[in-house]
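Asker: Take this structure first; my questions come after.
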Ligand code: SF4
Ligand code: SF4
């Protein structure tokens with residue numbers, strides 16, 4: 001109930017101020033917190049620890065955010081998805097251009113640099129071009145990742161989705177922020193835990209997460225509040241014991257992520273009066289080892305309309321990869337580059353939210 005009210009308030013603010021104004025305001029709140037703490041900038045912190053400059057290397061992961069429509073509206077969603085986000089959806093043109101770039105990369109000497117196509121959203125499976133993309137990409141021999149919210153497997157019209165994913169050997173990376181019903185429903189909505197368990201059972205029945213099947217099922221944890229993700233390996237053991245014991249569910253690996261101080265989680269921090277403390281926690285937990293392995297170094301993030309970013313977080317803050325400087329700067333899109341390797345060695349666009357990726361054991365779409 002509380003989450004419903006918060007979402008309604010957020011959507012009302014979005015309508016009143018517009019996305020860009022809210023993003024600017026949110027950035028200022030993070031910056032005020034850092035200023036109050038006397039904390040240096042993210043760049044300065046990286047430089048102090050000998051991990052600057054931050055530059056892109058050859059892209060290994062091509063991550064397409066295929067659209068923001070989702071059958072859920074979780075309280076910590078960093079992309080602010082919901083059933084109302086119907087406009088922001090990748091078209092067939094966008095998907096075809098992504099496929100062209102992937103094919104060109106595979107045809108490059110040495111087989112190119114991209115090893116994985118990571119499809120995210122929203123609920124990516126609900127985009128009308130999702131299955132086309134998977135079918136066309138499958139012959140390229142890339143690892144194909146579906147970032148699945150589990151409840152989508154029970155949506156009307158998706159009865160054959162598990163079979164489709166299994167047939168194309170798609171790796172399923174599924175969100176389940178806790179093994180307790182109360183915590184999951186608080187963060188993701190009433191009844192989501194039960195439906196997620198049902199979805200996991202469907203995946204297990206198709207061979208996902210079952211040893212020797214070749215069908216990979218990973219789960220994603222994120223904290224239920226303003227604290228860092230604990231050790232991934234310890235948490236994985238607890239998840240395996242709890243989900244296996246209570247529901248007979250198996251999976252391969254657990255990926256533990258920090259909550260980034262952006263979008264709905266930033267709203268949550270502001271409402272709790274906890275932004276300064278959380279930013280302080282992130283800054284004080286800076287881990288230079290994690291900074292060496294930031295996902296933005298080898299991930300290319302593509303928005304539903306083809307604009308290019310260093311990561312999905314920058315995408316939500318509209319910090320695109322740009323060409324030119326100052327007023328003449330232009331956001332690059334998939335139609336502006338002839339090859340994915342064109343983007344290697346460009347500087348990464350970092351800002352105060354980036355402390356979320358370097359805190360504690362580090363955090364990325366691939367876990368710690
Ligand atoms: S399921 Fe994922 S994309 Fe959908 S609202 Fe929740 S966090 Fe956002
Ligand atoms: S938020 Fe993005 S750009 Fe910043 S450190 Fe994390 S992955 Fe890199």
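In full-length UniProt numbering, the protein residues as written are 1 to 368.
No residue lacks a Cβ here, since even glycine has one placed at the ideal position from N, Cα and C.
Got a sec, what are the start and stop residues for the beta strand (DSSP E) residue 175 sits in?
Answerer: Here residue 175 is taken as the residue at index 175 of the chain shown, counted from 1. Run containing residue 175: 171 to 175, per the beta strand (DSSP E) assignment.
Asker: Report all residues for which the CB-ligand distance to some heavy atom of ligand 2 is below 6 Å; order them along the chain.
Answerer: Proximity annotation: ligand 2 has residues 294, 295, 296, 310, 311, 313, 314, 348, 350, 353, 354, 357 in chain order, each selected because its CB is closer than 6 Å to a heavy atom of the ligand.
Asker: Which residues in the same chain as residue 185 place their Cβ atom closer than 8 Å to its Cβ, once the five residues preceding and following it in sequence are excluded?
Answerer: The sequence position of residue 185 within the chain shown is 185, counting from 1. Once the five neighbours on either side are set aside, the close Cβ partners of residue 185 are 191, 192, 193.
Asker: Among 297, 363, 81, 189, whose alpha-carbon lies nearest the alpha-carbon of residue 229?
Answerer: As a working mapping, residue 229 is identified with position 229 in the chain shown. Considering only alpha carbons, the answer is 363.
Asker: Given this structure, state the Cα-to-Cα distance separating residue 111 from residue 63, to the nearest angstrom.
Answerer: Position 111 of the chain shown, counted from the start, is the residue given in the question as residue 111. Position 63 of the chain shown, counted from the start, is the residue given in the question as residue 63. The alpha-carbon atoms of residue 111 and residue 63 are separated by roughly 18 Å.
Asker: Just the C-alpha distance for residue 304 and residue 338, rounded to the nearest angstrom, thanks.
Answerer: Taking the first residue of the chain shown as 1, we reach residue 304 at position 304. Taking the first residue of the chain shown as 1, we reach residue 338 at position 338. About 19 Å.
Asker: Identify the residues that DSSP records as bridge partners of residue 322: which are they?
Answerer: As a position in the chain shown, residue 322 is number 322, starting the count at 1. Its beta-bridge partners are 331.
Asker: Taking Cβ positions, are residue 166 and residue 215 nearer each other than 8 Å?
Answerer: Within the chain shown, the letter at position 166 stands for residue 166. Within the chain shown, the letter at position 215 stands for residue 215. Yes, Cβ-Cβ distance for residue 166 and residue 215 is below 8 Å.
Asker: Can we say the segment 326 to 335 touches the segment 257 to 264, given the rule of at least three CB pairs closer than 8 Å?
Answerer: no
Asker: Can you check which of these residues, 201, 182, 135, 176, is closest to residue 170 by C-alpha distance?
Answerer: The residue given as residue 170 occupies position 170 in the chain shown. Comparing Cα positions, the closest option is 135.
Asker: Taking its Cβ as the centre, do 16 or more other Cβ atoms sit within 10 Å of residue 312, making it buried, or is it exposed?
Answerer: In the chain shown, counting from the first residue as 1, residue 312 sits at position 312. Residue 312 should be labelled buried.
Asker: How would you label residue 151, buried or exposed, when you count the other beta carbons within 10 angstroms and need 16 or more for buried?
Answerer: Residue mapping note: residue 151 aligns to position 151 of the chain shown, counting from 1. The residue in question, residue 151, is buried, as its Cβ has 16 or more Cβ neighbours within 10 Å.
Asker: Shorter than 7 Å, the distance from the beta carbon of residue 175 to the closest heavy atom of ligand 1, or not?
Answerer: In the chain shown, counting from the first residue as 1, residue 175 sits at position 175. Result yes, Cβ under 7 Å from ligand 1.
Asker: Mapping DSSP to helix, strand and coil, what is residue 301?
Answerer: Taking the first residue of the chain shown as 1, we reach residue 301 at position 301. Here residue 301 sits in strand by DSSP.
Asker: Can you tell which of 25, 26, 83, 359 has the C-alpha that lies nearest to the C-alpha of residue 257?
Answerer: Walking along the chain shown from the start, residue 257 turns up at place 257. The option with the nearest alpha carbon to residue 257 is 359.
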